[in-house]
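Here the protein sequences come in this chain order: A and B. Residue numbers for the first sequence follow this note's numbering, so the first one is 215 and each next one is one higher. Residue numbers for the second sequence follow this note's numbering, so the first one is 90 and each next one is one higher. Yeah, the Cβ is synthetic: ideal placement off N, Cα and C, and Gly gets one too.
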Amino acid sequence: MPRILQMADVHLGARHDDLGPIAAAQRERQFAAFARAVDLALTEKVDLVLICGDLFDSNSQPRRSVERAAAELSKLVARHVPVVVIPGTHDCYEPGSIYRVFDLAEMAGAAADSGLVTVLTDGRRQADFTQLGVSVLSHVFPAKRAAESPLIAIRGDVEAARADGPRAGNWLIGMIHGSIAQPGRFEHDEVIVTDEEIAQSGLDYLALGHVHSVRDGRAGNVSWAYSGAPEPVALDQDGAGQVLLVNLEERDGQRVVRVEPRPVGKTRFRKLEVDGATVASQAALAAQLRELADPDLVLDARIVGVRSSELDLNTDELTRQLEGSFLRLRLRDSSVVGLPDDAAVPADTILGALTRDFRARIEDHETRGDAERAGELREALRLGTALLDDPTRVTLA
Amino acid sequence: MIITRLRLANFRRHRALDVKLGPGLNVVRGANEAGKSTVQRAIEMALFRRPTFSGAELDDTRPWQDPAAEPVIELEFSDEGRAGRLHKVFAGGKGTVRLTLGDETFNDPQTVDQHVVALTGIPSEKFFRASASVHHQELTGLAQDENTLRDRLQQSMSGADRGTHAARRKLEEAIRRYRTEGAKNPGYLKVMRAEVERLRDQVRRGEMALAQLEADRRALADARAARTQVDARMVEQREGAAKAERAVALNTKLTDAAKRYALYKRAAELREEIGRLDASHPSAVAMPVLRSTVEHLRKLEFGLSEMRAEMAAEPDLSGYDVAIPNPRWRPWVIIGVLALLGAAGVAVAGIALAMATTGLAIAVALVAFALVAFLFSFRKRSRQTNVRMQNELREAEIARRLAGRTDISERVRQAEQERVQGLASLGLSELAKAETMLAVETEHMSKIGSRRAEYRGLMGDDPTEEDVAELRDKAAAEGDEARHALTGMGDLGSEPERYLSGFQLAITRLTPEREAAFTAEAQADARVNANEIDAEKVAADAEALATAEETLTAAERRLRIYEDVLATLNAAERGTMKKAARFLEGRMARDIERISNGRYRRLRVDEATLTFSVHSPETGGWIDVRRLSQGTLDALYLCARLGIVRQVTSPAAPPLLLDDPFVTFDEERATRALALLKDMARDLQVILITTSDRYDKLADNVVVLPAPTERDGPEPVAPAPSAESMSVWSSSALPPAEPRPTTPRPPIVVKNDPGAVAGSGNGAANGSNPAAPVQPAPLWPEER
Numbered sequence: 215m216p217r218i219l220q221m222a223d224v225h226l227g228a229r230h231d232d233l234g235p236i237a238a239a240q241r242e243r244q245f246a247a248f249a250r251a252v253d254l255a256l257t258e259k260v261d262l263v264l265i266c267g268d269l270f271d272s273n274s275q276p277r278r279s280v281e282r283a284a285a286e287l288s289k290l291v292a293r294h295v296p297v298v299v300i301p302g303t304h305d306c307y308e309p310g311s312i313y314r315v316f317d318l319a320e321m322a323g324a325a326a327d328s329g330l331v332t333v334l335t336d337g338r339r340q341a342d343f344t345q346l347g348v349s350v351l352s353h354v355f356p357a358k359r360a361a362e363s364p365l366i367a368i369r370g371d372v373e374a375a376r377a378d379g380p381r382a383g384n385w386l387i388g389m390i391h392g393s394i395a396q397p398g399r400f401e402h403d404e405v406i407v408t409d410e411e412i413a414q415s416g417l418d419y420l421a422l423g424h425v426h427s428v429r430d431g432r433a434g435n436v437s438w439a440y441s442g443a444p445e446p447v448a449l450d451q452d453g454a455g456q457v458l459l460v461n462l463e464e465r466d467g468q469r470v471v472r473v474e475p476r477p478v479g480k481t482r483f484r485k486l487e488v489d490g491a492t493v494a495s496q497a498a499l500a501a502q503l504r505e506l507a508d509p510d511l512v513l514d515a516r517i518v519g520v521r522s523s524e525l526d527l528n529t530d531e532l533t534r535q536l537e538g539s540f541l542r543l544r545l546r547d548s549s550v551v552g553l554p555d556d557a558a559v560p561a562d563t564i565l566g567a568l569t570r571d572f573r574a575r576i577e578d579h580e581t582r583g584d585a586e587r588a589g590e591l592r593e594a595l596r597l598g599t600a601l602l603d604d605p606t607r608v609t610l611a
Numbered sequence: 090m091i092i093t094r095l096r097l098a099n100f101r102r103h104r105a106l107d108v109k110l111g112p113g114l115n116v117v118r119g120a121n122e123a124g125k126s127t128v129q130r131a132i133e134m135a136l137f138r139r140p141t142f143s144g145a146e147l148d149d150t151r152p153w154q155d156p157a158a159e160p161v162i163e164l165e166f167s168d169e170g171r172a173g174r175l176h177k178v179f180a181g182g183k184g185t186v187r188l189t190l191g192d193e194t195f196n197d198p199q200t201v202d203q204h205v206v207a208l209t210g211i212p213s214e215k216f217f218r219a220s221a222s223v224h225h226q227e228l229t230g231l232a233q234d235e236n237t238l239r240d241r242l243q244q245s246m247s248g249a250d251r252g253t254h255a256a257r258r259k260l261e262e263a264i265r266r267y268r269t270e271g272a273k274n275p276g277y278l279k280v281m282r283a284e285v286e287r288l289r290d291q292v293r294r295g296e297m298a299l300a301q302l303e304a305d306r307r308a309l310a311d312a313r314a315a316r317t318q319v320d321a322r323m324v325e326q327r328e329g330a331a332k333a334e335r336a337v338a339l340n341t342k343l344t345d346a347a348k349r350y351a352l353y354k355r356a357a358e359l360r361e362e363i364g365r366l367d368a369s370h371p372s373a374v375a376m377p378v379l380r381s382t383v384e385h386l387r388k389l390e391f392g393l394s395e396m397r398a399e400m401a402a403e404p405d406l407s408g409y410d411v412a413i414p415n416p417r418w419r420p421w422v423i424i425g426v427l428a429l430l431g432a433a434g435v436a437v438a439g440i441a442l443a444m445a446t447t448g449l450a451i452a453v454a455l456v457a458f459a460l461v462a463f464l465f466s467f468r469k470r471s472r473q474t475n476v477r478m479q480n481e482l483r484e485a486e487i488a489r490r491l492a493g494r495t496d497i498s499e500r501v502r503q504a505e506q507e508r509v510q511g512l513a514s515l516g517l518s519e520l521a522k523a524e525t526m527l528a529v530e531t532e533h534m535s536k537i538g539s540r541r542a543e544y545r546g547l548m549g550d551d552p553t554e555e556d557v558a559e560l561r562d563k564a565a566a567e568g569d570e571a572r573h574a575l576t577g578m579g580d581l582g583s584e585p586e587r588y589l590s591g592f593q594l595a596i597t598r599l600t601p602e603r604e605a606a607f608t609a610e611a612q613a614d615a616r617v618n619a620n621e622i623d624a625e626k627v628a629a630d631a632e633a634l635a636t637a638e639e640t641l642t643a644a645e646r647r648l649r650i651y652e653d654v655l656a657t658l659n660a661a662e663r664g665t666m667k668k669a670a671r672f673l674e675g676r677m678a679r680d681i682e683r684i685s686n687g688r689y690r691r692l693r694v695d696e697a698t699l700t701f702s703v704h705s706p707e708t709g710g711w712i713d714v715r716r717l718s719q720g721t722l723d724a725l726y727l728c729a730r731l732g733i734v735r736q737v738t739s740p741a742a743p744p745l746l747l748d749d750p751f752v753t754f755d756e757e758r759a760t761r762a763l764a765l766l767k768d769m770a771r772d773l774q775v776i777l778i779t780t781s782d783r784y785d786k787l788a789d790n791v792v793v794l795p796a797p798t799e800r801d802g803p804e805p806v807a808p809a810p811s812a813e814s815m816s817v818w819s820s821s822a823l824p825p826a827e828p829r830p831t832t833p834r835p836p837i838v839v840k841n842d843p844g845a846v847a848g849s850g851n852g853a854a855n856g857s858n859p860a861a862p863v864q865p866a867p868l869w870p871e872e873r
C-alpha cells in the first residue's frame with residue numbers, strides 16, 4: 215500500500231523580527247529541518263512526497279535558496295521518489311511566482327516528462343502515479359486569495375478521475391494550502407474550505423498546509439491532516455517541528471488512512487510568564503530560568519503582575535548572563551512596580567513628596583486607562599526611591 | 090516609643106548584654122572598645138533590619154570567633170501606655186522576628202515592619218540613621234563649606250541617608266548621556282536614532298529592491314509566457330506550412346502523374362500502331378532491296394533504250410576528216426639569236442670606235458628585237474601541242490565509231506536478261522509495277538517513320554525499357570493516390586499554394602514578433618539577474634531594525650523615566666525644603682534666643698539653600714550662622730536636626746540615638762549642648778552613647794558598659810580587663826581573665842541553663858543613681 219511523506223510550511227527564508235541576532239541561524243535550522251524531512255522520506259522508503267504549500271516564505275527568495283531546495287529534492291529524484299508541490303499563500307502562484315520563474319523540476323534534475331517533480335498549478339491540476347495507484351489533485355489559484363473553495367473547483371476533476379476506467383480505482387489525494395473554516399476563526403484567510411466540502415469532495419485523503427501545528431481529523435468519510443511546519447516559524451507554534459507519514463491501507467475492503475507524525479525540527483519555543491511577586495531577586499530569577507536551559511529552546515519570558523519596589527531587576531544584564539543557555543532568551547519585564555506603603559514614607563520628607571507626586575500621577579494615568587504611562591511612572595517612583603535610598607548602588611544605564 | 094530594655098546575645102563583641110533604659114536622657118557610657126557603637130547599631134537593626142538578611146554584613150554582626158552564631162536582639166519598650174517587645178534572631182534565611190504589642194503578637198516580618206514604622210514614624214534603617222540616629226562626626230566641620238550644613242539637614246528631610254545631591258547628579262549625568270546631540274560625542278539616543286534611521290533606510294531600499302525583483306520576475310514570467318505563446322503560434326504556422334508544402338508536392342505529383350499518364354498513353358498507342366504498320370508492308374521485299382532493284386531496273390531500261398537507238402543508226406564521220414595545219418616555231422628562235430649576236434657586235438664596235446653611245450643604242454634595240462622573236466616562237470610551240478592532241482582524239486573517235494556495233498548488241502542482250510531477273514525478284518512483271526510498288530512501300534515506310542519519330546519525341550532517344558503501358562498505369566495510380574491525399578487535406582488540399590503562401594506570410598509576420606519576444610524575455614531575464622537584492626539580507630536588516638527599534642523604544646522609555654524622576658525630585662525637594670524652612674523658622678525662634686543668650690531672636694531659613702541667618706539687633710541686619718561661634722553653630726544644627734526629626738516623624742516619637750556627637754567639645758560646650766538637647770527632647774527618649782562621664786549629672790539614667798574583654802576582630806593580644814569592668818561584666822562563656830587566643834576559638838555554645846550564662850550579661854540600673862552596674866541577663870532560652 216502506498217506510503218506518503220507529507221510536509222508543508224517550511225517557509226525557507228522566513229523573517230524572524232523577534233529573534234534578533236539568531237534570526238539567520240533560525241533560517242538555517244528551518245532548512246536543516248527540510249533536509250531532515252527529505253532524508254526521512256528516503257529512510258522510510260516512502261512512495262511519494264507531498265509539499266503542501268509555503269515551501270518558500272515569499273516569491274522574492276533568491277535563486278540561491280531555490281537551488282538549495284532543489285538540491286534536496288534531487289536526492290528524491292535520484293531515488294525515483296516522486297514529489298508533488300503546490301504553491302501556498304506566501305509563495306502563491308501570482309504572476310511573479312517563484313514557481314513560474316524557476317523550473318523546480320529541471321533544477322532538481324528531473325526530466326520534463328519523468329513526473330518526478332510536479333508543481334501543480336492552475337494549468338496543471340492533477341498528477342497520476344499509475345504504478346502507485348495514486349492520483350493527486352489540487353486547484354491552485356493564480357493569486358494569493360482564492361476566488362472560491364478549491365474543493366469546489368476540483369470537484370469536476372475528482373468525478374472525472376472516478377469515472378476514468380484505468381484511474382477509477384486510484385487513491386485520490388487532494389492537496390490544499392488553506393484553512394478549514396471554523397466559526398469565528400480563519401474567516402479572513404485567503405483560502406478556506408469547509409468540513410462539508412471535505413466530506414463531499416470524493417477524495418480519499420486531503421493533505422493540508424497553512425496551519426503550522428500538526429492537526430488531523432475526518433469529515434464524512436474523508437480523512438484530512440495538517441503536517442504543520444517542520445521547524446517552528448514563530449513563538450506560538452508549539453505543535454510544529456514534524457512531518458507526517460501517511461499510510462494508505464485497505465482493510466476488509468475499506469480504505470483506511472493512517473497518519474503518523476514524525477519529528478524533524480529541533481527548535482522549541484516556549485512562552486513563560488513569571489509572577490513578579492514571586493521574584494525575590496535577580497539572582498533567584500536567573501536560577502529559575504537556568505533550570506529551563508536548553509540550546510534548542512527559544513524562551514520568551516515575561517515578568518508580569520506586581521513586583522516589589524525593592525526588587526532591582528536589570529533584564530538586559532540578566533539576558534546577557536543567561537546567553538548561551540538558550541537558543542534565544544527574550545526576557546521582558548511587563549510587571550508593574552508595587553507602590554511603597556504610605557506608612558513607610560514620612561510625608562514631610564523629599565521622598566514623601568516624591569512618592570506623593572508620583573502616586574497621584576500613577577493613579578491619574580491608571581484611572582484614564584493609560585497603563586503604559588502608569589507603568590513608567592511606577593518604574594520612575596521605584597528608581598527615585600532607590601536613588602534617594604543609596605545612589606551609589608544604582609547604576610543608570 | 091520608649092525603649093526600656095535592650096538585650097543582646099552573640100552580637101559582635103557582646104556574647105550577652107542586658108541594658109535597661111528609660112524615658113528622658115539615657116547615658117550609655119563605656120570605655121573605648123566597650124561596644125558602645127554596637128549598642129547603637131543593635132538598636133538600629135532591632136528596629137529596622139529584616140531578620141532574614143544575610144551576607145557579609147550578617148557575618149560582621151557575629152562574634153568573630155563564632156562565625157556560626159546567630160545574633161539575637163531584643164527590645165522591650167512602651168508606647169502610649171502599651172508595653173511591647175521586639176525579638177529578632179538573625180539567622181540568614183532562617184531568621185525570625187516576633188513583636189508583642191499589648192496582647193498581640195506578630196511574626197510576619199512585613200507586618201512587624203509596618204508596626205515599627207507606626208511606632209517610630211521612621212520607614213527605614215537608613216532614614217533612621219539620617220534623622221533620629223546622630224553619629225559623632227555629624228557636628229564636626231559644619232562650617233567647613235556652605236553646603237555642609239544644608240546637605241546634612243537635607244539628608245534628614247530627604248527620607249534617605251544621602252540627600253538628593255548625588256541622586257540628582259547621577260540622573261543629570263545619565264540624561265546627558267542620552268540627550269547629547271554633539272557630533273563628536275553623540276548621546277545614546279542620537280546614536281540609536283541614527284542607527285534606526287540607517288536601518289530603516291536600508292530596509293526601505295531593500296524592500297523596494299525586492300518589490301522591483303518581484304516586478305521583474307513578473308515581467309520575466311509574462312515575457313516567457315508571451316514568447317511561449319508566439320512559439321506555439323509559430324509552430325502552428327510552421328506545421329501548417331509544412332502541411333501545405335506537402336499538399337503542394339502532392340499537387341505537383343498529381344500533375345506530373347497526369348502528364349506522364351498522357352505521355353505513356355500516347356506512347357503506347359504509337360507502339361501499337363507501329364507494330365501494326367510493321368506487320369503490313371505492301372512490298373514483300375525490304376525497302377532497300379526494293380529501292381535498289383527498281384533503280385537497277387531503271388538503269389537497265391535506260392541503257393537498253395540508248396543502245397537500241399545507237400543500233401538503229403549508221404556511224405557519222407563528218408567533221409572528223411579535216412586535218413589541222415601544224416604551226417612552225419624554230420625560225421623565230423634563230424632570228425632572235427642572231428639579233429643578240431648583232432647587238433653584241435655593235436656594242437663592241439661602238440666602244441671600239443668611240444661611238445659608244447650610238448653603239449649601245451643600237452645594241453639595245455637589237456636585244457629588244459631578239460626578245461620579241463623569242464616570245465613569238467614560244468607561242469607557236471604551244472599551239473603546235475594543242476593541234477597534235479586534237480588530231481589524236483579525232484583519230485580515236487573515228488576508230489571507235491567504226492568498230493562498236495557488235496558490242497552493243499551483246500550488251501543489249503545482257504541488259505534485258507538482268508531486267509527479267511530483277512522483275513522476277515520483285516515478283517513483278519514490269520518496271521512500272523515495280524515503280525508503283527516502290528512508291529507504295531515508300532509511303533508505308535514514311536508512315537512508320539513518322540510514328541517512330543513521334544514515339545522518339547515522346548520517349549526520347551533512349552526510351553525506357555519498361556512497358557509504357559505499365560508506366561501509364563503506374564502514373565494513373567500515383568495520380569489517384571495524390572488526388573486522394575489532397576482530398577483528405579480538405580480546403581488546404583484543394584488550394585495548397587494559396588494556403589502555403591498564407592502560412593508563409595504568417596511565418597514572415599511572426600518571425601519579428603518571435604524575435605521581439607525572445608529579446609523581451611532575454612531583457613527581462615537580464616533585469617532579474619541584474620537585481621542583486623537578497624531577500625535574506627533584507628530579512629536580516631529588518632530583523633536588525635526590529636531589534637534597534639526595540640532598543641530605542643526601551644532607551645526612550647528609560648530616558649522618560651530618568652527625566653520624570655529628576656523633575657519630580659526637584660519639585661519634591663523644592664516643596665519639602667520650603668515647608669521645612671518655614672517649619673524651622675517657626676520652631677527655632679525660641680531656641681536661637683536661648684542658644685545665643687538672648688542676643689538673637691529672629692531666625693531666617695533660606696528655602697532653596699537651607700542656610701540659616703539670624704537677625705542682629707545691633708546692626709539691624711541678617712548674619713549667616715556660619716559666621717557665629719562653633720558652639721552656637723553646633724547648637725543650631727542640633728535644634729534644626731531635632732526639629733526636622735519632629736517634623737518628619739510626627740506624630741510618632743522615635744527614640745533619639747546619639748553616638749557621642751559632642752566628643753570634640755570642651756567640657757562647658759558639651760554640657761551646654763547636652764542641656765539644650767535635653768531641653769529640646771522633653772517628649773523624646775534620648776540615648777546618648779559616650780565614653781565620658783561628664784553627662785552623668787544631667788542624665789535620667791546611666792548605663793555603664795563593662796570594659797572590653799574581647800574585640801570585634803582578631804587581635805594577637807587582648808587588653809587586660811580593668812577592675813571596674815570586671816565588676817560589671819562577667820561571662821561564664823568568656824572568662825575575663827582568659828588570655829585571648831591567637832587563633833579563632835571554636836563556637837561557644839550558649840546553653841539554656843540560665844545559671845550557665847548568668848555572668849554573660851551586663852547590668853544596667855535605672856533611677857537616680859547614675860552609675861549602677863548592669864545585671865547579668867539570661868539568654869532567653871525559651872526563644873531559642
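_Cα-Cα separation, arginine 671 of chain B to glutamate 696 of chain B_ = Rounded to whole angstroms, the gap between the alpha carbons of arginine 671 of chain B and glutamate 696 of chain B is 8 Å.
*Leaving aside the five residues before and after leucine 597 of chain A along the sequence, list all residues of the same chain whose C-beta is less than 6 Å from its C-beta, in chain order.*
Cβ within range, chain order: n/a, list empty.
*Look at the Cβ atom of aspartate 261 of chain A, then the Cβ atom of isoleucine 312 of chain A, and state whether they are nearer than 9 Å.*
Going by C-beta atoms, aspartate 261 of chain A is not nearer than 9 Å to isoleucine 312 of chain A.
_Does chain B have any CB closer than 9 Å to the CB of serine 427 of chain A?_
No, serine 427 of chain A does not count as interfacial toward chain B.
*Following the continuous alpha helix (DSSP H) through methionine 90 of chain B, name the residue where it begins and the one where it ends.*
From DSSP, methionine 90 of chain B is part of no alpha helix (DSSP H); its letter is neither H nor E.
_Can you check whether the C-beta of glycine 210 of chain B is within less than 9 Å of a C-beta belonging to chain A?_
With a threshold of 9 Å between beta carbons, glycine 210 of chain B makes contact with chain A.
_Alpha carbon of leucine 386 of chain A to alpha carbon of serine 288 of chain A, nearest angstrom_ = Between the alpha carbons of leucine 386 of chain A and serine 288 of chain A lies a gap of roughly 25 Å.
*Can you tell me the Cα-Cα spacing of valine 473 of chain A and glutamate 464 of chain A, whole angstroms?*
Valine 473 of chain A and glutamate 464 of chain A: Cα-Cα distance of roughly 14 Å.
*For valine 426 of chain B, does the count of other Cβ atoms within 10 angstroms reach 16, so buried, or fall short, so exposed?*
Here valine 426 of chain B is exposed. Its C-beta has fewer than 16 other C-beta atoms within 10 Å.
*Whole-number beta carbon distance between leucine 641 of chain B and methionine 281 of chain B, since they are thought to touch under 8 Å*: Yes, they are in contact, since the Cβ atoms of methionine 281 of chain B and leucine 641 of chain B sit about 4 Å apart, within 8 Å.
*Give the DSSP-derived three-state secondary structure of alanine 172 of chain B in the structure shown.*
For alanine 172 of chain B, the three-state secondary structure derived from DSSP is strand.
*With a floor of 4 residues, list each alpha helix (DSSP H) that falls wholly inside the stretch 371 to 447 of chain B, ordered by position along the chain.*
If we require 4 residues or more, the alpha helix (DSSP H) runs fully inside the stretch 371 to 447 of chain B come out as 376 to 401, 419 to 441.
*So, is the C-beta of threonine 665 of chain B closer than 9 Å to a C-beta in chain A?*
Flagged as an interface residue toward chain A: threonine 665 of chain B, by a C-beta distance shorter than 9 Å.
*Measure the Cβ-Cβ separation of leucine 777 of chain B and leucine 763 of chain B and say whether it is below 9 Å.*
Yes. Within cutoff.
*With 16 other CB atoms within 10 Å as the buried threshold, where does histidine 573 of chain B fall?*
So histidine 573 of chain B ends up on the exposed side.
*Below 8 Å on the Cβ atoms is my guess for glutamate 487 of chain A versus arginine 516 of chain A; work out the distance and round it to an integer in Å.*
The C-beta distance from glutamate 487 of chain A to arginine 516 of chain A rounds to 5 Å, short enough to fall under 8 Å.
*asked:* Using 8 Å as the cut-off, can you tell me whether the stretch 387 to 397 of chain A makes contact with the stretch 405 to 420 of chain A, which would need three or more C-beta pairs spanning the two stretches below that distance?
replied: Under the 8 Å Cβ criterion, the stretch 387 to 397 of chain A counts as touching the stretch 405 to 420 of chain A, having at least three qualifying pairs.
*Contact residues within the stretch 589 to 605 of chain A, judged by C-beta distance below 7 Å to chain B*: The stretch 589 to 605 of chain A vs chain B, Cβ under 7 Å: Glu590, Leu591, Glu593, Ala594, Leu597, Gly598, Leu601, Leu602, Asp603, Asp604, Pro605.
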